[in-house]
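First to last, the sequence lines map onto chains A and B. Sequential numbering from 1 applies to the first sequence in my numbering. Sequential numbering from 1001 applies to the second sequence in my numbering. Just so it is clear, CB atoms sit at the ideal spot from N, CA and C, and this is done for glycine as well.
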Amino acid sequence: MSKSDSTEQYDAVKAKLTQQILRKQELDAKLSKLEDKIYEKENEYFAESAHGNIVKGFDNFTKANTGGSHKKRIAYTDDDHIFSLSSASFVKSFARKQGLTGKNDELDEYEDSVEPTNGGVVPPGANTTPSRKRKGRTMDE
Amino acid sequence: MALPSTKSQQAGGARFRQRKISVKQPLIIYKQKDLPDLSSNDLEPSQIHHLNSSGNAAQQRDVHAMETGVDKNEEDEVHLQQVINAAQRALRGSEEKKKSEINEEGAAGSREEEKKPDVYIPTPDASRIWPEASKYYNDFTFVAPETYIKFSATVEDTVGVEYNMDEEDEEFLNNFNKDKSSTKVCSEVEFEIICDKLEKTIEERQPFLSMDPSNILTYKELSGFIIGELTSTNNGYGNGGKYISTTALKDKLSKELNYKPFVTLFDKRTENEDKPQPKIRTITKLFDLFGESIYTHWKERKISRHGKHIHPSLKFEDPNANEKENDADPYICFRRREFRQARKTRRADTLGAERIRLLQKSIHRAQELIESVCQREILRLDALDAEHEIFKLRSEGKSLKRTIGIKGDDYLYYSHKRKKPVVKIEEEPVGTETSTPASKKQKKNKEQANRDRKDVEDAATATSVVEGIPSAAAAAAALQQEAATSSTQPYVKLPASKIPDMDLVTVSLVLKEKNETIKRAVLEKLRKRKEQDRHFINLTDDPYEPYFNITTNDHSDKVLELNHIPYSSITSSFYHEINNSNYISEELKKLLEENKKALPGVKTFRGSNGELIPSKPFPHISSLTKDYNGESGSDLTNGSSDNGYIAQLLSNIESNNFNAYNNGYGSQVQHRADESQESKLSEPIFSMRKRVGRGGRLFIDRRGLFKKPVAPLIESSPSVTVGGGLGGVVNVYDSEADAQKRLDSRWRFDDDLTEYERGIQEPFSLDPSKLNCISEDTQSIRFGSMLLSKSYDLFRESVHQRQQVLIQQARARALQQQQLLQKQQQAAQAAQNAQQALQLQQQQQQAQKLQQQQQQNLSRQSGLPIPSSASSSHSQSQTHTPSHSHSPVTIPNSRQLSQQLPHGQDKMGTSASSPGSMGNSTARPSAQQRTNSNPNPNTNIVQANLQQQQQRTGAHSPPGTSQQKYKQSNSTPMYNNSSSK
Chain A
1 MSKSDSTEQY
11 DAVKAKLTQQ
21 ILRKQELDAK
31 LSKLEDKIYE
41 KENEYFAESA
51 HGNIVKGFDN
61 FTKANTGGSH
71 KKRIAYTDDD
81 HIFSLSSASF
91 VKSFARKQGL
101 TGKNDELDEY
111 EDSVEPTNGG
121 VVPPGANTTP
131 SRKRKGRTMD
141 E
Chain B
1001 MALPSTKSQQ
1011 AGGARFRQRK
1021 ISVKQPLIIY
1031 KQKDLPDLSS
1041 NDLEPSQIHH
1051 LNSSGNAAQQ
1061 RDVHAMETGV
1071 DKNEEDEVHL
1081 QQVINAAQRA
1091 LRGSEEKKKS
1101 EINEEGAAGS
1111 REEEKKPDVY
1121 IPTPDASRIW
1131 PEASKYYNDF
1141 TFVAPETYIK
1151 FSATVEDTVG
1161 VEYNMDEEDE
1171 EFLNNFNKDK
1181 SSTKVCSEVE
1191 FEIICDKLEK
1201 TIEERQPFLS
1211 MDPSNILTYK
1221 ELSGFIIGEL
1231 TSTNNGYGNG
1241 GKYISTTALK
1251 DKLSKELNYK
1261 PFVTLFDKRT
1271 ENEDKPQPKI
1281 RTITKLFDLF
1291 GESIYTHWKE
1301 RKISRHGKHI
1311 HPSLKFEDPN
1321 ANEKENDADP
1331 YICFRRREFR
1341 QARKTRRADT
1351 LGAERIRLLQ
1361 KSIHRAQELI
1371 ESVCQREILR
1381 LDALDAEHEI
1391 FKLRSEGKSL
1401 KRTIGIKGDD
1411 YLYYSHKRKK
1421 PVVKIEEEPV
1431 GTETSTPASK
1441 KQKKNKEQAN
1451 RDRKDVEDAA
1461 TATSVVEGIP
1471 SAAAAAAALQ
1481 QEAATSSTQP
1491 YVKLPASKIP
1501 DMDLVTVSLV
1511 LKEKNETIKR
1521 AVLEKLRKRK
1531 EQDRHFINLT
1541 DDPYEPYFNI
1551 TTNDHSDKVL
1561 ELNHIPYSSI
1571 TSSFYHEINN
1581 SNYISEELKK
1591 LLEENKKALP
1601 GVKTFRGSNG
1611 ELIPSKPFPH
1621 ISSLTKDYNG
1631 ESGSDLTNGS
1641 SDNGYIAQLL
1651 SNIESNNFNA
1661 YNNGYGSQVQ
1671 HRADESQESK
1681 LSEPIFSMRK
1691 RVGRGGRLFI
1701 DRRGLFKKPV
1711 APLIESSPSV
1721 TVGGGLGGVV
1731 NVYDSEADAQ
1741 KRLDSRWRFD
1751 DDLTEYERGI
1761 QEPFSLDPSK
1771 LNCISEDTQS
1781 IRFGSMLLSK
1791 SYDLFRESVH
1801 QRQQVLIQQA
1811 RARALQQQQL
1821 LQKQQQAAQA
1831 AQNAQQALQL
1841 QQQQQQAQKL
1851 QQQQQQNLSR
1861 QSGLPIPSSA
1871 SSSHSQSQTH
1881 TPSHSHSPVT
1891 IPNSRQLSQQ
1901 LPHGQDKMGT
1911 SASSPGSMGN
1921 STARPSAQQR
1931 TNSNPNPNTN
1941 IVQANLQQQQ
1951 QRTGAHSPPG
1961 TSQQKYKQSN
1971 STPMYNNSSS
1981 K
């Protein structure tokens, strides 16, 4: 295997990697957007279903609700968000939005990107793999 | 409720309904003869009725008893009747069979069964399948929807042109198209369109064509109408509410909307859209091309049909024709049945429908949600795949990098720290937080604090509700910020599931907030009060702070009236506030320091005999007062301390000089004041006062700084005379005295003198309410109290006077009594004398006379009248009658009474006692003297009195008792007198 060959190969891999990372980013963005949308939709669904919904059951539909004055508002907890909060990634981001940090929250602080961080400045100890990442890896696996 | 039986019977055709048995409903009792033969026990009564339909009695009710399951007027239907009769026969047959069974053993049974299938109600056969259906119904584009199909269009709306070709038309068309180029061929659809148009128009134009079919419109006329109608549709929606066929409507709409292939949802879509559909030409063009030839064909057919529709149509009831005609016509279909009221839709129905709609909506939404969740999962899978791909690429790239030894591009190989993701603002106000590291740290801290606090609270309230619920904790943490800004949190205890809605607050915080709220409220109240009291000046003294003028302390010597000091708390506070507050005078100080002499006025009991001796000095007293002495020595250089009230008091005690209490305190103070004026407090140089005058003008009053110029009053006696010896009249303008006067007048109301100075200058003011030398602040109080004390004095005086008067009266009465008593005694003596004289004239006349004389002589000699009388009566009682034994007691009694009077008066006032007693003592001898001096002239009168009394009390009563009574009656008013006082 000649050096030029492997360099070429490396370049190809690099290009692929970059592409893949970008794709991943796009997917992540899409995913989070969709998750947000689901949450929003879900809330809307809960808000608009006065008589019950697929989560709480449709019992109230059969009841003749003549005295409409004291309509009990159904209380929803986090457990009722079966659609939105069934995604682990959204649970995390949700918690973050609520100002809460989880146990492994530091891992979520990192994401893959194609641009070098810190405005192009090579991070300290650039030659070596940052310990942080190693830690992350172990946790991922 | 149940209808009365009569009515139900009247209802004629009305069917029997099973009704509940009720008290109101008479029950029909059937007797044996009424009922049919009940040979078969296994049959229901109704069935038996039915079986006896041939019987005459049961015939009428027979119809009602049987349930056929069809409408009443259809019960007579042939097939139904056949079936019913067959059933009857069958039942009867079974009866017969039963009977015959015994004889024939079921041989006939088979025969019966063979008969059965003969009669049946014919029903259309729905079992067959039409194999050619797919040939004609070939719209495969149709996809059955998930839900039910909702459809409101009529069949006519959806089938396109109403005209359908038949065999004749087909034949004609085939002939027509035989020798024509492909472009000029008239398609079947086009033919139908043209025919339909012709039919519609002729129906419109000649509705009664059937009367005379030969009179049909010519092609020209018809085509003219048709074309004209089509062109005229441009302007307005026209047609005057006439029916527009669906095709016409579609044409119109496509024209108006300028949208060519006007296909609605209901239009049949072709199987294959790729195939070029033979284009349908417009009606006008079609008429141009084939109109005339088709018209001839159509006309032929129309005439052959006698002007009626070529295409057979259903015949409906003619609403104008009478009922009989309609009934008679067998071709009428869909006849109207009895009018049935349409069921009104009620609220319950709509509610149910509404609910169902809602349910459908809800499920749709849920479905949407589930779909998006599926999408999310797919995306997530993609993302994970991508990550895996990245991982693989990275490991590959890394190994390559190592082998080649390339450096750089490291950033591609590890995750980077997230760049400030801008978190969207949530519904909750917490959302403003960003997850930057800094804020993260803050958050962490906050959380830590929160947790700490929670721990504390848990320990305190012993509730473990907060722990273990991440969502609860999350919410609590999220609401932390809010809690900081909010005023007060409700202090409630909730079940664990409901806690997240609020933040937990410590008791101390709550209390602190409460305190602050109260403080704020009070301040607010004060502020409001101030606002209200604006422009008001409070002139009243604080009653708990007596007027205390430090600066005028050194004027105490100048005050003119000092006698009242010990009595007035106000003045004492005024003059001696400094001195009586922990101040020890020099003398006392010295005394204490020396510690040799006993403290003045302090005495101790001697243990041995209880004698009071001056107490010995305490050895530790100086040490106790040492600090204070040193302090007082340095602090109070005020010389006037010497003549302090306490010091004076102490010295007074020492010298046993209690003059101050009698003569007032001032005189003593004055003595020393002159001696000990070493230092004075300076008066304030000047003082200002701001006040708002009338019209909002602002005044600033000044006091001090300017003194009235003390012009040397050089009242020139001789030197000022002007004008030589001219009469000695001094010119007004030259007179210095006058100038002085004028100057004085100028300062009259504008002096800076203090109250004291002014008081000294003018001790007696003209204002009657104004007390001299007393500050104005307390003037009114003093005046009031003065008036009070004055009135009290007056009151006291008047009371005293009244007392005196009463005492005088009492005294006078006592005197009178005594006199009376003496008189009585004398009278009694006289009476006794008389009696004795009468009774014992012979026995003791001589001796008695002697005795009396001796007694009188004795009393005269001794000067003591009462003992004498007493002794005389005593001797008498002793000697003569036992009833008189009590008489000697009376006299001491009377004395006691007389002595009691002053005693009673003593209670009133001691001053009255001595003159009272004196009067008594003086009055007695005089009375005695009187009685003694001239006893004889009085005796007669007394006797008469006595007789009268004896008559009153009873003649038989002894004189002694009457006397007693007399005394008693006398004694009572005296007591009354004394008590009334």
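For Lys1220(B), tell me which candidate among Lys1178(B), Ser1210(B) and Asp1288(B) has the shortest Cα-Cα distance. Distances from the alpha-carbon of Lys1220(B) to those of Lys1178(B), Ser1210(B) and Asp1288(B) put Asp1288(B) closest.
Looking at the structure shown, is Phe1287(B) part of a helix, part of a strand, or coil, going by DSSP? Under the three-state reduction of DSSP output, Phe1287(B) falls in the helix class.
Enclosing alpha helix (DSSP H) for Glu971(B) [first to last residue]: Past the boundaries of the shown model lies residue 971(B); chain B is included only from 1001 to 1981, so the question cannot be answered.
In whole angstroms, what separates the C-alpha of Arg2011(B) from that of Tyr1413(B)? With chain B running from 1001 to 1981 in the structure shown, residue 2011(B) is simply not present.
So which residues on chain A does Leu1393(B) lean against when the C-beta distance must stay under 7 Å? Residues of chain A passing the Cβ test: Val13, Lys16, Leu17 and Gln20.
Check Asp1985(B) in the structure and name its three-state DSSP category. Outside the displayed range of chain B (1001 to 1981) lies residue 1985(B), so it cannot be described from this structure.
With distances taken Cα to Cα, identify the nearest neighbour of Thr1284(B) among Leu1511(B), Gly1228(B) and Arg1357(B). Comparing alpha carbon positions, the residue from Leu1511(B), Gly1228(B) and Arg1357(B) closest to Thr1284(B) is Gly1228(B).
Would you say Ser69(A) lies against chain B (beta-carbon separation less than 7 Å)? With a pLDDT of 48 at Ser69(A), under the threshold of 50, the modelled position of this residue cannot be trusted; read the value that follows with caution. With 7 Å as the cut-off, Ser69(A) does not count as an interface residue toward chain B.
Just to make sure I have the definition right: I need the residues of chain B whose C-beta is within less than 8 Å of the C-beta of Tyr221(A). Which are they? Nothing in the structure corresponds to residue 221(A), since chain A is present only between 1 and 141.
Report, in whole angstroms, the separation of the C-beta atoms of Lys1299(B) and Ile1310(B), which I expect to be a contact under 8 Å. In this structure Lys1299(B) does not touch Ile1310(B) by the C-beta definition: roughly 10 Å separates them, more than the 8 Å allowed.
Under 7 Å between C-beta atoms, does Lys24(A) make it to chain B? Yes, contact with chain B.
When you compare the CB positions of Pro1213(B) and Gly1307(B), do they come within less than 7 Å of one another, or not? For the 7 Å CB-CB criterion, Pro1213(B) and Gly1307(B) form a contact.
Return the Cβ separation of Glu145(A) and Phe83(A) in integer angstroms, given the expectation that the two are a contact with Cβ distance under 8 Å. The structure shown does not extend to residue 145(A), since chain A spans only 1 to 141, so no value can be given for it.
Beta carbons nearer than 8 Å to chain A: which residues of the segment 1380-1392 of chain B have them? For chain A, the residues of the segment 1380-1392 of chain B that bring a beta carbon within less than 8 Å of one of its beta carbons are Arg1380, Asp1382, Ala1383, Ala1386, Glu1387, Glu1389 and Ile1390, in chain order.
Determine the DSSP secondary structure at Arg149(A), reduced to helix, strand or coil. Look at the range of chain A in this structure, 1 to 141, and you will see that residue 149(A) is not part of it.
Any idea what DSSP makes of Arg1336(B), helix, strand or coil? The answer is coil: DSSP assigns Arg1336(B) none of H, G, I, E or B.
Using the three-state DSSP reduction, which class does Arg96(A) fall into: helix, strand or coil? The DSSP-derived three-state label of Arg96(A) is helix.
For Asn53(A), name the three-state secondary structure that DSSP assigns. Looking at Asn53(A) - three-state DSSP - the assignment turns out to be strand.
Would you call the CB atoms of Asp1382(B) and Leu27(A) closer than 7 Å? In this structure, Asp1382(B) lies near Leu27(A), with their beta-carbon atoms less than 7 Å apart.
In DSSP terms, what Arg1691(B) is bridged to: Partner(s): Phe1699(B).
Just the Cα atoms here: how many angstroms apart are Leu1286(B) and Glu1292(B)? Approximately 10 Å, taken between the alpha carbons.
Taking its Cβ as the centre, do 16 or more other Cβ atoms sit within 10 Å of Cys1195(B), making it buried, or is it exposed? Burial check for Cys1195(B): the Cβ neighbour count within 10 Å reaches 16 or more, so the residue is buried.
With respect to the alpha helix (DSSP H) encompassing Leu1384(B), which residues constitute its N-terminal and C-terminal limits? Residues Arg1347 to Ile1404.
Have a look at the DSSP bridge pairing and note the partners of Lys1315(B). According to DSSP, Lys1315(B) shares a beta bridge with Ile1332(B).
Please classify Ile1149(B): does DSSP put it in a helix, a strand, or coil? Under the three-state reduction of DSSP output, Ile1149(B) falls in the coil class, being neither helix nor strand.
Would you mind working out which of Leu31(A), Ala47(A), Ala12(A) and Leu22(A) sits nearest His81(A), comparing C-alpha positions? Comparing Cα-Cα distances from His81(A) to each of Leu31(A), Ala47(A), Ala12(A) and Leu22(A), the minimum goes to Ala47(A).
If you measure between the beta carbons of Leu17(A) and Gly1397(B), is that distance less than 7 Å? Going by C-beta atoms, Leu17(A) is nearer than 7 Å to Gly1397(B).
Just the Cα atoms here: how many angstroms apart are Leu1946(B) and Ala1827(B)? Caution is warranted here: a pLDDT of 46 is assigned to Leu1946(B), below 50, making its placement in the model unreliable, and the coordinate value is therefore given only provisionally. Going from the Cα of Leu1946(B) to the Cα of Ala1827(B) covers about 8 Å.
Comparing the C-beta of Leu1359(B) with each C-beta of chain A, is any distance below 7 Å? Leu1359(B) counts as touching chain A.
Let me confirm a value: Arg1984(B) is counted as buried when at least 16 other C-beta atoms fall within 10 Å, else exposed. Which label applies? There is simply no residue 1984(B) to check, as chain B begins at 1001 and stops at 1981 in what is shown.
Could you tell me whether the Cβ atoms of Lys24(A) and Ile1378(B) are closer together than 7 Å? No, Cβ-Cβ distance for Lys24(A) and Ile1378(B) is not below 7 Å.
Three-way DSSP call (helix, strand, coil) for Ala12(A) in this model: In this structure, DSSP gives Ala12(A) a helical state, which the three-state scheme calls helix.
Return no unless some Cβ of chain A is closer than 7 Å to the Cβ of Ser1415(B). A Cβ of chain A is located within less than 7 Å of the beta carbon of Ser1415(B).
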